[in-house]
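Numbering (this note's numbering), first residue to last: 32 to 371.
Every residue, glycine too, gets a C-beta built ideally from N, C-alpha and C.
Treat the numbers as computed from the prediction; the structure is a model and nothing was measured.
Data block below; observations after.
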Ligand SMILES: [Zn+2]
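Next comes the structure, spelled out in structure tokens:
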């Protein structure tokens with residue numbers, strides 16, 4: 032059997048319904064050769080199978096229709112193994128998910144982020160006119176290309192060498208309280224341009240920035256305080272807003288060196304601090320954070336910024352101690368819930 036090699040899907044612009052999204056081999060155009068972007072067990076667990084999701088271009092698809100072309104080998108030898116581990120750990124709780132091998136958990140979350148991108152964007156790119164009407168910049172495509180290489184760490188042996196992190200992403204797992212209302216137990220948000228995602232799965236909250244590990248250090252010092260405590264979904268939403276804002280003020284385009292050796296692929300990220308004299312992360316205005324909090328929590332401007340220039344926090348009491356918010360009390364009345 033020949034050694035699997037890296038597939039440069041994005042550089043070669045090979046997106047089609049009959050090309051495996053991961054390794055590039057030819058597949059039939061049928062359901063046997065399809066991978067669910069959000070795994071089937073997850074859709075069943077949260078009652079999402081027939082629920083609609085709105086794509087970037089405005090079309091609505093049921094979650095079960097969110098599939099991407101995938102060959103049997105990638106499915107059986109690579110993805111399903113990770114899928115099974117995540118499912119088992121998910122059932123056992125947030126602490127089990129948090130103690131999973133981070134490289135494997137990264138592949139799991141990245142497949143969802145990249146899979147959505149693939150479904151929403153890449154399959155509709157017109158390869159006959161590569162320059163026409165592209166809504167993605169060349170620089171974004173270059174970063175997406177790197178994400179696709181990272182995803183292939185499940186099929187090709189790959190070593191990561193990064194000064195800022197152990198994996199080429201910033202990934203954090205939280206314990207979240209589960210709402211009694213089953214319709215409120217699942218929440219997904221992403222920011223394609225800044226490559227971040229927020230996933231609330233019942234009692235498990237996952238935040239990821241696909242930034243080559245840039246937020247790992249700063250994020251660990253900020254988020255660790257809130258990990259291992261049963262957060263209210265509003266508190267987890269506030270943490271999500273924080274990660275998304277940080278990614279927005281990230282002042283670097285990470286540079287990566289790829290080397291192939293008989294042992295596999297060496298994926299090295301150049302030190303980010305040294306690339307420029309400006310700080311790696313800028314600061315944000317309270318008004319911008321207010322908008323982000325409104326997006327995450329569904330609250331009004333008065334609730335997220337009661338005083339000009341200052342944002343509300345749900346994370347701490349006025350004495351600075353970690354705040355516990357019971358699921359039975361406010362503020363868990365979101366506009367979504369109010370109209371149910
Ligand atoms: Zn494949």
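Contacting residues, own chain, Cβ-Cβ under 8 Å from residue i (five flanking each side not counted)
{"i": "residue 65", "result": "98, 99, 100, 101"}
{"i": "residue 282", "result": "307, 309, 310, 311, 312, 313"}
{"i": "residue 178", "result": "141, 144, 145, 226, 241"}
{"i": "residue 25", "result": "Because the chain is modelled from 32 through 371, residue 25 falls outside the range shown and cannot be assessed."}
{"i": "residue 249", "result": "277, 312"}
Residue(s) in a DSSP beta bridge with residue i
{"i": "residue 190", "result": "297"}
{"i": "residue 98", "result": "67"}
{"i": "residue 83", "result": "93"}
{"i": "residue 153", "result": "In DSSP, residue 153 forms no bridge with anything."}
{"i": "residue 206", "result": "235"}
{"i": "residue 219", "result": "230"}
{"i": "residue 353", "result": "347"}
{"i": "residue 50", "result": "57"}
{"i": "residue 201", "result": "240"}
{"i": "residue 338", "result": "341"}
Separation of residue j from residue i, as counted between CA atoms
{"i": "residue 105", "j": "residue 205", "result": "29 Å"}
{"i": "residue 348", "j": "residue 355", "result": "9 Å"}
{"i": "residue 209", "j": "residue 231", "result": "10 Å"}
{"i": "residue 35", "j": "residue 330", "result": "49 Å"}
{"i": "residue 319", "j": "residue 129", "result": "30 Å"}
{"i": "residue 170", "j": "residue 359", "result": "46 Å"}
{"i": "residue 222", "j": "residue 303", "result": "21 Å"}
{"i": "residue 139", "j": "residue 70", "result": "10 Å"}
{"i": "residue 181", "j": "residue 46", "result": "18 Å"}
{"i": "residue 183", "j": "residue 54", "result": "8 Å"}
{"i": "residue 92", "j": "residue 216", "result": "20 Å"}
{"i": "residue 202", "j": "residue 239", "result": "5 Å"}
{"i": "residue 103", "j": "residue 59", "result": "10 Å"}
{"i": "residue 351", "j": "residue 256", "result": "12 Å"}
{"i": "residue 188", "j": "residue 38", "result": "13 Å"}
{"i": "residue 175", "j": "residue 123", "result": "32 Å"}
Cβ neighbours of residue i in the same chain (closer than 6 Å, five flanking residues each side left out)
{"i": "residue 324", "result": "272, 335"}
{"i": "residue 147", "result": "68"}
{"i": "residue 301", "result": "286"}
{"i": "residue 288", "result": "299"}
{"i": "residue 190", "result": "297"}
{"i": "residue 220", "result": "229"}
{"i": "residue 340", "result": "317"}
{"i": "residue 131", "result": "120"}
Same chain only: Cβ atoms within 7 Å of residue i, ignoring 5 sequence neighbours per side
{"i": "residue 344", "result": "269"}
Exercise. Can you list the beta strand (DSSP E) stretches of 3 or more residues lying completely in the stretch 226–313, in chain order?
Worked result: 227–232, 235–240, 287–292, 295–300
Exercise. Per the contact definition of three or more C-beta pairs closer than 8 Å, is the stretch 235–248 in contact with the stretch 71–87?
Worked result: no
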